[in-house]
Structures are given as C-alpha cells and as structure tokens.
Amino acid sequence: ASKEPTTFLEGNLVEKIRAEESTWSVEGGVVIVTLDKLKQTFWKTVIEGDEEIDTEQVDNRRHIGEYDDATQAKIRKIIFDQEQYHKGGPTSHEIL
Numbered sequence: 011a012s013k014e015p016t017t018f019l020e021g022n023l024v025e026k027i028r029a030e031e032s033t034w035s036v037e038g039g040v041v042i043v044t045l046d047k048l049k050q051t052f053w054k055t056v057i058e059g060d061e062e063i064d065t066e067q068v069d070n071r072r073h074i075g076e077y078d079d080a081t082q083a084k085i086r087k088i089i090f091d092q093e094q095y096h097k098g099g100p101t102s103h104e105i106l
C-alpha cells in the first residue's frame with residue numbers, strides 16, 4: 011500500500027537563503043533543517059505568518075561555554091556537521 015507523503019513545513023521564508031548550501035536530514039525520527047542565511051541576522055520567524063519572537067531579547071553575546079554540557083555538545087555537533095558538509099566530508103551521523 012502506497013503511503014501519501016506528509017507535508018511538515020509549508021510557506022514562504024521571511025528572508026532569503028542560499029538554497030544550494032541549505033540542507034535537511036532525518037536523525038532519530040527528527041527532521042533537521044539547516045538554512046544558510048544570505049544575511050546573518052536574527053529572524054523574527056522562519057515562515058511568513060508564523061508567530062514571531064522579539065529579536066531584541068536574543069542574547070547573541072553568550073559564549074558557548076556559558077551553556078550546560080548537553081547544550082554545548084549539541085552546538086558543537088551542529089557546527090562539526092555543517093563544516094563537514096561544506097568540506098564534503100562525513101557528518102557525525104555517517105561516522106558513528
């Protein structure tokens with residue numbers, strides 16, 4: 011029996027991205043979307059019409075060392091995977 015595809019995300023992005031540098035994957039049943047922004051700014055939302063956040067309250071001065079160990083590990087994994095993707099190397103998922 012053929013299963014109908016499920017749409018998880020639909021709409022227009024609020025800002026421009028580099029589509030060829032943006033990726034998506036499924037890890038442990040979770041969809042991971044990485045958008046390479048054209049302008050490195052905080053977005054109030056991702057999809058037009060979605061609930062917005064107050065970007066004035068985002069503290070981008072916070073150093074990675076100020077987060078707990080689990081959050082630091084996740085941030086480092088994301089950075090590693092992005093660097094590997096751009097170099098054409100294996101991601102942490104492919105290595106493990």
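Converting from the sequence shown to my numbering requires adding 10 to each position, the first position being numbered 1.
Yeah, the Cβ is synthetic: ideal placement off N, Cα and C, and Gly gets one too.
Where residue i sits in the DSSP three-state scheme
i	result
Glu31	helix
Leu48	coil
Val41	strand
Val36	strand
Residue i versus the options, residue with shortest Cα-Cα distance
i	options	result
Asn22	Val56, Val41, Gly39	Val56
Ile88	Arg72, Gly75, His103	His103
Thr16	Glu31, Ser32, Val41	Val41
Gln67	Asp78, Tyr77, Glu76, Lys54	Lys54
Phe52	Gly38, Arg71, Gly39, Val36	Arg71
Phe90	Ala80, Thr101, Gln82, Thr81	Thr101
Gly39	Asp64, His73, Phe18	Phe18
Sheet register partners of residue i (DSSP bridge)
i	result
Leu23	Ile57
- What are the start and end residues of each continuous beta strand (DSSP E) run of 3 or more residues lying completely inside the segment 59 to 106, in chain order? none
- Message: Is it the case that the segment 58 to 66 contacts the segment 92 to 100, given that we only count it when at least three CB pairs across the two stretches are under 8 Å?
- Response: no
- How do the segment 42 to 54 and the segment 13 to 30 stand: do at least 3 beta-carbon pairs fall below 8 Å, yes or no? In short, these stretches touch, since the Cβ pair count reaches three.
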